[in-house]
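Asker: Shown below is the structure under consideration.
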Amino acid sequence: MSAPQKNDRTAFGHLSLPERNFLTDALRAETVGGVLLLVAAVAALVWANVPALSHSYETVRDLHLGPGSLGLHLSLEHWAADGLLAIFFFVAGIELKRELVAGDLRDPRAAALPVVAAVCGMAAPALVYTLVNLAGGGSTDGWAVPTATDIAFALAVLAVLGTSLPSALRAFLLTLAVVDDLLAILIIAVFFTSDLNFAALAGAFIGLAVFWLLLRTGVRGWYVYVPLALVIWGLMYNSGVHATVAGVAMGLMLRCARRDGEEQSPGERIEHLVRPLSTGLAVPLFALFSAGVAVSGGALGDVFARPETLGVVLGLVVGKTIGVFGGTWLTARFTRASLSSDLTWPDLFAVSALAGIGFTVSLLIGELAFTGDAALTDEAKAAVLVGSLIAAVLSGVLLRIRNAKYRALWEAEERDEDLDGVPDIYEVGDPAYHLRMAVLHEKKAAEHRRLAEATGGEGGEGERPA
Numbered sequence: 050m051s052a053p054q055k056n057d058r059t060a061f062g063h064l065s066l067p068e069r070n071f072l073t074d075a076l077r078a079e080t081v082g083g084v085l086l087l088v089a090a091v092a093a094l095v096w097a098n099v100p101a102l103s104h105s106y107e108t109v110r111d112l113h114l115g116p117g118s119l120g121l122h123l124s125l126e127h128w129a130a131d132g133l134l135a136i137f138f139f140v141a142g143i144e145l146k147r148e149l150v151a152g153d154l155r156d157p158r159a160a161a162l163p164v165v166a167a168v169c170g171m172a173a174p175a176l177v178y179t180l181v182n183l184a185g186g187g188s189t190d191g192w193a194v195p196t197a198t199d200i201a202f203a204l205a206v207l208a209v210l211g212t213s214l215p216s217a218l219r220a221f222l223l224t225l226a227v228v229d230d231l232l233a234i235l236i237i238a239v240f241f242t243s244d245l246n247f248a249a250l251a252g253a254f255i256g257l258a259v260f261w262l263l264l265r266t267g268v269r270g271w272y273v274y275v276p277l278a279l280v281i282w283g284l285m286y287n288s289g290v291h292a293t294v295a296g297v298a299m300g301l302m303l304r305c306a307r308r309d310g311e312e313q314s315p316g317e318r319i320e321h322l323v324r325p326l327s328t329g330l331a332v333p334l335f336a337l338f339s340a341g342v343a344v345s346g347g348a349l350g351d352v353f354a355r356p357e358t359l360g361v362v363l364g365l366v367v368g369k370t371i372g373v374f375g376g377t378w379l380t381a382r383f384t385r386a387s388l389s390s391d392l393t394w395p396d397l398f399a400v401s402a403l404a405g406i407g408f409t410v411s412l413l414i415g416e417l418a419f420t421g422d423a424a425l426t427d428e429a430k431a432a433v434l435v436g437s438l439i440a441a442v443l444s445g446v447l448l449r450i451r452n453a454k455y456r457a458l459w460e461a462e463e464r465d466e467d468l469d470g471v472p473d474i475y476e477v478g479d480p481a482y483h484l485r486m487a488v489l490h491e492k493k494a495a496e497h498r499r500l501a502e503a504t505g506g507e508g509g510e511g512e513r514p515a
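Numbering-wise (our numbering), the sequence shown opens with residue 50 and increments by one.
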């Protein structure tokens, strides 16, 4: 085999220690949030489908609250979709900013892989949906519904399956989802914007400018930023642009690069504070008020009978898998990147199938795509649930096949024999680490010699039990 060329590089290799630590904390929070999201979705389905409870679900979901004079007399369903999800996208904006200035996306070569995978992973489902509906005579309005990946739900599936993916694959999945969220908010802003109220939009931009100036001048205090953020959100909502755009815009404005002497940047600190609110409250409540659709046998059968809903299912299951896998393979092929020796392309195919779990943003886009047709909106939501379930089962089967290998890789990454709080894999080139390990092994050797001497009189040297 010829030696690799100098511009060859390994994809999905070991992360740097700071990136690994950040990833561990972020994924822990996302996994907990994903489990809560799963519980909320199941609760919504039960609440909406038990005959004695279904009427109360619709009553609560359609309950209107808020000041009508400000254009904010909204149902609880809309408060969840437009208000609570703004918090979710605020955190997504901070994640993206951090990736751009301190994470994998700051290096164009390293960023190419997840960015191309994310773009292809959104283009392929849209293409699949469009082809199905052109062939079946359905509406192409829902082309964007199957384009989103729900990282929290995907990690919840991994937690339920007990699968321990290597950190590199988890980092790829998280970065993919961050880029996916940005593209989703661009799709919402560009393609699902109603008639614009230019006065409100101008007010929102002025508010964002004030927000940016306050950050740059070092003004601190939640009592300044929270009221301002609410004003910006309200103006953005009334402008006709989806209000979640305000969340991601403010998230992108935060400084996420650390300065000398800082343990955390302001963006990282705020993300650490807000993420539990997003994953533990905002997203589960959105799921509770959005996932309650009829799932009778007839309704599930209709998912595969209508071109719109069939396009959503195939987009999530087939389009996402082919798009993410194909985009990654093409990037690796044309940038001469090679997989880590511990991984194979079937591993990446399984993770690509996992990306087909599209829940939170897919449900949101489903509501926007079929506004005015309540029946089709509910059918699209049912299709998202069915497609996500199929993708979860498919990826779960594929990942379980290699789970023993993944667990061994994960244990090797986490091993810390010298108990200094840093995994051994990051200290292989450190002389101090090797000296600590030498002392440790000398102690173990001395203990074994003592045991050998203590038992030598009973069995004799070199004697083995039968």
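Every residue, glycine too, gets a C-beta built ideally from N, C-alpha and C.
Would you call the stretch 280-291 in contact with the stretch 244-252, where contact means no fewer than 3 C-beta pairs closer than 8 Å?
Answerer: Contact between the stretch 280-291 and the stretch 244-252 is present, because at least three Cβ pairs lie under 8 Å.
Asker: Taking only three categories from DSSP, how would you classify Ser243?
Answerer: For this step, residue 243 is matched to residue 194 along the sequence shown. Looking at Ser243 - three-state DSSP - the assignment turns out to be coil, as it is neither helix nor strand.
Asker: Less than 7 Å between C-beta atoms, sequence neighbours within five positions excluded: which residues of the same chain meet that for Gly310?
Answerer: Stepping through the sequence shown from its first residue, residue 310 is reached at position 261. Cβ neighbours of Gly310 beyond the five flanking positions: none.
Asker: Which two residues bound the contiguous alpha helix (DSSP H) that contains Phe139?
Answerer: Position 90 of the sequence shown, counting from 1, holds the residue named residue 139. Segment 134-150, the alpha helix (DSSP H) holding Phe139.
Asker: In the DSSP assignment, find the alpha helix (DSSP H) that holds Gly445 and state where it starts and stops.
Answerer: Position 396 of the sequence shown, counted from the first residue, corresponds to residue 445. It spans 423-450 - the alpha helix (DSSP H) in which Gly445 sits, taken as one unbroken run.
Asker: Going residue by residue through the stretch 179-221, where are the continuous alpha helix (DSSP H) segments of at least 4 residues, counting only ones entirely within it?
Answerer: Here the runs fully enclosed are 200-210.
Asker: Decide if Pro215 is buried, meaning its Cβ has at least 16 other Cβ atoms within 10 Å, or exposed.
Answerer: Within the sequence shown, residue 215 is the residue found at index 166, counting from 1. Pro215 should be labelled buried.
Asker: How is the alpha helix (DSSP H) around Trp271 delimited, first residue to last?
Answerer: Within the sequence shown, residue 271 is the residue found at index 222, counting from 1. Here the alpha helix (DSSP H) through Trp271 covers 271-288.
Asker: Under the rule that 16 or more other beta-carbon atoms within 10 Å means buried, what is Tyr455, buried or exposed?
Answerer: Numbered from 1 along the sequence shown, position 406 holds the residue referred to as residue 455. Label assigned to Tyr455: buried.
Asker: Between the alpha carbons of Val99 and Thr198, how many angstroms are there, rounded?
Answerer: Taking the first residue of the sequence shown as 1, we reach residue 99 at position 50. Taking the first residue of the sequence shown as 1, we reach residue 198 at position 149. Distance between the alpha carbons of Val99 and Thr198 is about 29 Å.
Asker: Would Ala440 pass as a contact of Ile406 if the rule is Cβ separation under 8 Å?
Answerer: Position 391 of the sequence shown, counting from 1, holds the residue named residue 440. Position 357 of the sequence shown, counting from 1, holds the residue named residue 406. For Ala440 and Ile406, yes; Cβs fall inside 8 Å.
Asker: Are Gly300 and Ala167 closer than 8 Å when you measure CB to CB?
Answerer: By 1-based counting over the sequence shown, the position of residue 300 is 251. By 1-based counting over the sequence shown, the position of residue 167 is 118. In this structure, Ala167 does not lie closer than 8 Å to Gly300 by Cβ.
Asker: Based on DSSP bridge pairs, tell me the residues matched to Ser124.
Answerer: Here residue 124 refers to the residue found at position 75 when the sequence shown is read from its first residue. Paired residue(s): His113.
Asker: Using C-beta distances below 6 Å, list every residue in its chain close to Thr189, excluding the 5 sequence neighbours before and after it, in chain order.
Answerer: Along the sequence shown, read from residue 1 onward, the residue named residue 189 stands at position 140. The answer, listed in chain order, is Thr179, Asn182.
Asker: Using 10 angstroms around the beta-carbon of Val410, count the other beta-carbons present and answer buried if the total reaches 16, otherwise exposed.
Answerer: Here residue 410 refers to the residue found at position 361 of the sequence shown. When all chains shown are included, Val410 counts as buried.
Asker: With 8 Å as the threshold, decide whether the Cβ of Met285 is near any Cβ in chain B.
Answerer: You won't find chain B in this structure, because it holds only one protein chain.
Asker: Which runs of the beta strand (DSSP E) fall wholly inside the stretch 296-332 and span at least 3 residues, in chain order?
Answerer: If we require 3 residues or more, the stretch 296-332 turns out to have no beta strand (DSSP E) run fully inside it.
Asker: How should Gly505 be labelled, buried or exposed, when 16 other C-beta atoms within 10 angstroms of its C-beta is the threshold for buried?
Answerer: Locating residue 505 in the sequence shown gives position 456, counting from the first residue. Counting Cβ neighbours within 10 Å, Gly505 comes out exposed, since fewer than 16 surround it.
Asker: Mind checking Lys430: buried by the 16 CB within 10 Å criterion, or exposed?
Answerer: To locate residue 430, count along the sequence shown from 1; it is residue 381. It counts as buried.
Asker: So which of Leu489, Val446, Arg451 has the shortest CA-CA distance to Asp467?
Answerer: In the sequence shown, residue 467 corresponds to position 418, counting from 1. Cα-wise, what sits closest to Asp467 is Leu489.
Asker: Could you give the DSSP three-state label for Pro395: helix, strand or coil?
Answerer: Along the sequence shown, one-based indexing puts residue 395 at 346. Pro395 falls in the helix class under three-state DSSP.
Asker: Give every residue of the same chain whose Cβ lies closer than 6 Å to the Cβ of Ala203, excluding the five residues on either side of it in the sequence, and list them in chain order.
Answerer: Counted from its first residue, the sequence shown places residue 203 at position 154. The residues are Leu403, Ile406.
Asker: Looking at the structure shown, is Ala501 part of a helix, part of a strand, or coil, going by DSSP?
Answerer: Within the sequence shown, the letter at position 452 stands for residue 501. Ala501 falls in the helix class under three-state DSSP.
Asker: Can you give me the start and stop residues for the alpha helix (DSSP H) that Ala15 sits inside?
Answerer: For the chain, the structure presents residues 50 to 515; residue 15 sits outside this window and is missing.
Asker: Ignore the nearest five residues each way along the sequence and tell me which others in Arg499's own chain have a CB closer than 7 Å to its CB.
Answerer: Counting from one through the sequence shown, the residue named residue 499 turns up at place 450. Contacts found: none.
Asker: Write down the C-beta distance between Ala173 and Gly372 rounded to the nearest angstrom, noting that I regard them as a contact closer than 8 Å.
Answerer: As a working mapping, residue 173 is identified with position 124 in the sequence shown. As a working mapping, residue 372 is identified with position 323 in the sequence shown. About 3 Å; that satisfies the 8 Å criterion.
Asker: Roughly how many whole angstroms lie between the Cα atoms of Gly436 and Leu412?
Answerer: Working through the sequence shown from its first residue, we reach residue 436 at position 387. Working through the sequence shown from its first residue, we reach residue 412 at position 363. Approximately 12 Å, taken between the alpha carbons.
Asker: What is the DSSP secondary structure of Leu468, reduced to helix, strand or coil?
Answerer: For the purposes of this step, residue 468 is taken as the residue at position 419 of the sequence shown. Coil at Leu468, not helix or strand.
Asker: I need the boundaries of the alpha helix (DSSP H) containing Phe353, first residue and last residue.
Answerer: As a first step, residue 353 must be located in the sequence shown, where it is residue number 304. Per DSSP, Phe353 belongs to no alpha helix (DSSP H) and is neither H nor E.
Asker: Roughly how many angstroms separate the alpha carbons of Thr384 and Leu337, rounded to a whole number?
Answerer: Taking the first residue of the sequence shown as 1, we reach residue 384 at position 335. Taking the first residue of the sequence shown as 1, we reach residue 337 at position 288. Cα-Cα distance, rounded: 43 Å.
Asker: By alpha-carbon positions, which one of Leu94, Val352, Ala295 ends up nearest to Leu250?
Answerer: Here residue 250 refers to the residue found at position 201 of the sequence shown. Out of Leu94, Val352, Ala295, Ala295 has the C-alpha closest to the C-alpha of Leu250.
Asker: Distance, Cα to Cα, Val239 vs Ala233?
Answerer: Translated into positions along the sequence shown, residue 239 becomes position 190. Translated into positions along the sequence shown, residue 233 becomes position 184. Rounded to whole angstroms, Val239 to Ala233 spans 10 Å at the Cα level.
Asker: With respect to the alpha helix (DSSP H) encompassing Thr266, which residues constitute its N-terminal and C-terminal limits?
Answerer: Position 217 of the sequence shown, counting from 1, holds the residue named residue 266. Where Thr266 is concerned, there is no enclosing alpha helix (DSSP H), given that its DSSP letter is neither H nor E.
Asker: Helix, strand or coil for Glu463, going by three-state DSSP, please let me know.
Answerer: One-based indexing of the sequence shown puts residue 463 at position 414. In the structure shown, Glu463 sits in a helix (DSSP, three-state: H, G or I).
Asker: Would you mind stating whether Leu162 and Thr377 have Cβ atoms separated by less than 8 Å?
Answerer: Counting from 1 along the sequence shown, the entry for residue 162 is found at position 113. Counting from 1 along the sequence shown, the entry for residue 377 is found at position 328. Yes, they are a contact pair.
Asker: Rounded to the nearest angstrom, what separates Thr266 and Leu326 at their Cα positions?
Answerer: The residue given as residue 266 occupies position 217 in the sequence shown. The residue given as residue 326 occupies position 277 in the sequence shown. So the alpha carbons of these two residues sit roughly 27 Å apart.
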